[in-house]
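FYI, the numbering for the sequence shown is 392 to 823, going by our numbering.
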Amino acid sequence: MGIDERVEQITSWIDVKFNDTRIVGIWGNIGVGKTTLARVLYNKLSSHFKHLSFVANIRETSLHKGIECLQRQLIDDILRSPNDVSIDKISVIKSQFMNKKVLVLLDDIDAITDFNALIGDISWVKAGSIVIVTTRNKKFLDEAKVDHKYEVNKLTLNESLILFSRHAFQKDYPIKGYEILSHSIVSIIAGLPLALKVIGSCLYEQSRGVWNNISKKLMEVPHQQVQEMLRICYEELNDMEQQIFLDIACFLIGSSKQSPTYMWDACGFFLRNGIEVLSRMSLIEIDEDDKLRMHDQLRDLGQKIVHLENPKEPQERSKLWKYEEAAYVLDSNKGTCKIEALRFDEYGYKRSYKGEQFKELAHLRYLQVCGGNFAGDFQILLSQLRWLQWERCPSNFEAANFHPKKLVVLNLSWSEISEDWGGWDPLKVVFL
């Protein structure tokens, strides 16, 4: 709502034909639409630039994966080629960006150290470049010395009602008989676009009983607790749809829409075409490249739900996506049959994954590793595995009896393997 006017105001500060460099800061509270506004602005400006990068979820990614992961994405985007994982990233940014006019969107950033590691002194980029940052922290914008600051405020009551109605009724206003309920719900949500969109979508074509029930639940939510509002819609999903939602929140944001459907179908999750249900309820989005996207507040909600399965004992949760927790469980041989999905990111680049570490993971269906190697005997192990994503796997294959017989998705991206790679024969046993 009102996004065109907001974009117009910001672009009035920028003239892409001029040769000076601009840093634009967009700030505001959780759920007010900072990223949406920044994305529209980025898309509008993109036709004027050959070198672009949209670096999303910086605060979260930097915390759990480290700033180097984000530096690599920025360099890959701008230089349009994958870079060596061992090189000094700041040196590359300083030396290679200086002769390039770039458009960069740094989304959800609040630490000046992260900003300095990605863009640093604005002289690192060619004159005429534009950097857009989104943040919850207004003080950060002063530290980053942005040229222009734009605060995203909550929607007005009238704007909120229109946005809610578009998702709940496919109109700009409530249908007859739902006016009072709609005004009540919109007043509780208090101008937060994400919650208005998701709650409205959740109520689309639902009975009055569902409307009354959700309205009552919203009244019990502490003031403007966005995640608690969103959780109400998550609870409206059936068990299989909830599992699909949690898989996306923990592992599959940015994945192609089609690939995980093979896994879910093989696991019996695809009973009601779950992707379409989640999309209709605005819990996920499918972008123009047919990839799965999810708002960071919905992602955080999904990860929180899994964390609360057992806050103190990670081995008692269904999904582990943080390297420290996954490494702790495997290295201490504390794996359990409750673990269904496991990821080792780039911190585990030189790891060795031994067969005995997977002995108790009888229900593991999703495994993602980066680098490292499998070693030891995997006889009768990984019997339920449907998805194996092994990026940058080594040229030598050390595991014995590696036959995940229910595998339906195999991803060996960024791997330098030949036709003589030792993993082909055991994997052919799976697929033939």
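Quick reminder that beta carbons are idealized off the backbone N, C-alpha and C, glycines included.
If the five residues before and after residue 752 are omitted, its C-beta is found closer than 6 Å to the C-beta atoms of 726 and 730, all from its own chain and listed in chain order.
Where residue 525 is concerned, the enclosing beta strand (DSSP E) starts and stops at 521-526. Within the segment 759-802, no run of alpha helix (DSSP H) at least 4 residues long lies entirely inside it. In the DSSP assignment, no residue is bridged to residue 455. CA-CA distance, residue 504 to residue 437, rounds to 26 Å. By the 16-neighbour rule on beta-carbons within 10 angstroms, residue 418 is buried. For residue 431, no pairing in a beta bridge is given by DSSP.
Note: residue 415 is bridge-paired with 523 and 539 in the DSSP secondary-structure output. Nearest C-alpha to residue 528 among 768, 778, 425 and 641: 425. Here residue 699 carries a coil assignment [DSSP, helix/strand/coil]. With distances taken between CA atoms, residue 638 lies nearest to 669 out of 619, 669, 610 and 492. Annotated as proximal: residue 793 and residue 769, with beta-carbon spacing under 8 Å.
With fewer than 16 other beta carbons inside 10 angstroms of its own, residue 613 counts as exposed. Inter-segment contact for the segment 438-455 and the segment 480-499 is present: three or more beta-carbon pairs are separated by less than 8 Å.
Minimum Cα-Cα distance from residue 553 among the listed residues 531, 577, 399 and 539 corresponds to 577. Counting C-beta atoms within 10 angstroms of its own C-beta, residue 396 has fewer than 16 neighbours from the protein chains shown and is therefore classed as exposed.
Note on geometry: alpha-carbon atoms of residue 411 and residue 533 lie some 19 Å from one another. Rounded to whole angstroms, the separation of the alpha carbons of residue 675 and residue 466 is 28 Å.
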